[in-house]
Amino acid sequence: MLRMNGIGRMVVAALVGGALSAGEARAAIKVVTTTEDLAALAREIGGDRVEVEAIARGFQDPHFVEAKPSFILKLYSADLLVVVGRELEVAWLPPLITQSRNGKIQPGGPGYLDASLTASILDIPTGQITRAMGDVHPLGNPHYWLDPDNGLAMAKALQRKLTELSAADAGYFAARYTDFASRVAAAKARWQAALAPYRGLKVVTYHRSWPNFADEFGLDVVGYVEPKPGIPPSPAHTLALIEEMKRQNVKLILMEPYFDQQTPDAIARRTGARVVVMLPSVGGTKDVKTYIDLFDHDISLLTSAIVETASK
Ligand SMILES: [Zn+2]
């Protein structure tokens with residue numbers, strides 16, 4: 051019996067010692083993000099020190115997400131909430147945060163991160179804020195993650211925030227950021243090269259989701275199927291757009307997967323243009339799992355469409 055006890059004590063001591071020295075006793079940081087893009091970035095930086103869940107799915111319109119009670123439960127136990135900000139989530143997120151009764155993740159709390167604060171934001175209104183007229187981009191364009199430089203700024207903000215929440219893992223998060231940044235730099239060179247022959251290409255987009263993407267990769271967006279962000283197409287606007295596309299010989303309409311394709315298809319028939327359903331978010335289809343996958347997918351789709359329309 052004495053012998054057994056001795057072994058038992060040794061086993062316990064080894065387990066405790068091993069756990070403490072490897073840092074495995076620390077619980078993973080529970081991260082909830084509003085979108086799958088933010089979740090993908092949080093996984094890049096957080097690795098196995100985080101458990102990440104996204105609220106909106108990548109194939110949904112992030113402006114309009116149906117609030118489910120299960121989201122409140124996720125938020126209740128979160129250590130960190132990461133949001134896109136710029137009022138992208140204003141129609142559905144604030145009541146969920148309030149109802150979670152989780153003090154850490156309230157705006158301004160230690161576990162709240164607005165990823166837009168260090169990103170480069172386009173379309174910032176200079177005059178009156180026009181939300182009264184239905185524009186869902188009153189604080190500048192909230193689709194800023196579609197620019198790899200902003201992806202890196204967001205990853206850096208995540209690195210800083212995760213380090214605040216778990217200082218002991220500072221080196222781990224820093225190393226993962228460095229690795230991610232070098233992979234993005236290599237991928238960006240590849241993306242730029244793929245689109246370089248088509249710089250200045252004129253396109254129309256459905257929603258104003260792509261200004262950062264267009265700036266980065268040299269597309270010229272000459273019009274939108276929506277008269278204003280969040281306002282459905284109207285006959286008068288559609289007719290004017292068709293005339294403008296004919297005048298400027300625009301052959302590509304880029305649209306998001308969550309809008310009705312009827313109007314883009316009608317415009318395409320009248321102009322000889324082609325409709326391309328691009329993915330604005332990670333998780334838009336099953337095979338787009340990472341931030342880098344997202345650009346690989348969209349740029350491959352776009353270059354094939356350009357080649358096909360040019361050969362017609
Ligand atoms: Zn939008």
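The numbering of the sequence shown is our numbering, which starts it at 51 and goes up by one.
Idealized CB from N, CA, C, for every residue including glycine.
Please read all numbers here as calculations on a predicted model, not as lab measurements.
Ranking GLY96, THR359 and ILE342 by CA distance to the CA of LYS211 puts GLY96 first. With a minimum length of 3 residues, the unbroken runs of beta strand (DSSP E) contained wholly in the region 299-348 fall at 302-305 and 324-327. DSSP places ILE147 in the uninterrupted alpha helix (DSSP H) bounded by 143-150.
When distances are taken from the beta-carbon of SER166 to the heavy atoms of ligand 1, even the shortest one reaches 8 Å or more. For ILE122, the uninterrupted alpha helix (DSSP H) run begins and ends at 119-126, by DSSP. Relative to VAL253, the option among GLN156, VAL327, VAL82 and ASP129 whose CA is nearest is VAL327. DSSP places GLY190 in the strand class (E or B) of the three-state scheme. Contact between LEU196 and SER259 holds: CB atoms are separated by about 7 Å, below the 8 Å threshold. With a cutoff of 8 Å, PRO192 counts as near ligand 1, since its C-beta is closer than that to a heavy atom of the ligand. Two segments are said to touch when three or more pairs of C-beta atoms, one from each, lie closer than 8 Å; by this definition the region 80-90 touches the region 332-344. Per DSSP, the beta-bridge partners of LYS252 are ASP270. The three-state reading of DSSP puts VAL132 in strand, counting E and B together. The Cβ-Cβ distance between GLY273 and LEU291 falls below 9 Å.
The Cβ neighbour count for LYS301, taken over all protein chains shown within 10 Å, is at least 16; the residue is labelled buried.
Counting other Cβ atoms within 10 Å of its Cβ, LEU123 stays below 16 and is therefore classed as exposed.
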